[in-house]
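The structure appears below as structure tokens.
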Amino acid sequence: MNKIEEELIAWTKEITQFRFPRWEDLPDFDLYMDQVLTLIDTYLSVFNPSQQKKIITASMVNNYVKLGLIPAPVKKRYKKKHLAYLIAISVLKQVLTIPEVKEGIIYQASISGIREAYDLFCTEQEAALIAIASHLEKKDRHPLPLMPNDTDMANLVVRTATIAVATKIVTEKTLSLIAQEKTANRKETKQKKETEL
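Quick note: the sequence shown uses our numbering, first residue 1, plus one each step.
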């Protein structure tokens, strides 16, 4: 096993331990924009393996309000429902367009309500991360069938989207590790050449 594979396997252990805050775990008090951004960055750090881009910015949040993806804040304060929407949007926008995310959120919330839809999303995303990690570790002890007998079409949308997100972040992490190794190899080669002179 090479260094990249070792680091990737170590990282998969981290993603299998990841847990979204459930609805009841989200703050019950109002938050200002900077607090919302900090919380979401903290909650979703596993979804930004290269740390080269922002998961969410104030401009993004303002655009989501304008597009009707999330309700407008009341007196510049955000509530639990805003956090739930923003967490789901921040994850799903990595693999879906904003109109698709909006349609999916509206659909899922109409079936079970925002609280249940959010908790379902959290459960499915965690399961997708575990499934992808187990495949990488070649364990396959936690297979995640796309369409188990108890999955209806409403849950299929969430399940397939979360699998896509999990696959995408593994791809990004792998590319990041490859880039780090190339940089380290270049530095090592350069140092060898300099010492030979």
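C-beta: ideal position from N, C-alpha, C; glycine also.
None of these values were measured; they are calculated from a predicted model.
Excluding five sequence positions before and after T167, the CB atoms of its chain that fall closer than 7 Å to its own CB belong to I132, given in chain order. Exposed is the label assigned to T183, since fewer than 16 other Cβ atoms lie within 10 Å of its Cβ.
Here L69 carries a coil assignment [DSSP, helix/strand/coil]. Using a Cβ distance threshold of 7 Å, I130 and T12 do not count as a contacting pair.
Comparing alpha carbon positions, the residue from K173, Y118, L67 closest to L136 is K173. In its chain, beyond the 5 residues on either side, Y64, H82, Y85, L86 have a beta carbon closer than 7 Å to the beta carbon of I70. Between F18 and I105, the alpha-carbon positions lie close to 22 Å from each other.
The beta carbon of A88 sits closer than 7 Å to the beta carbons of I105, Y118, F121 from its chain, once the five residues preceding and following it are set aside; these are given in chain order. Under the DSSP assignment, Y118 falls in the alpha helix (DSSP H) whose first and last residues are 98 to 136.
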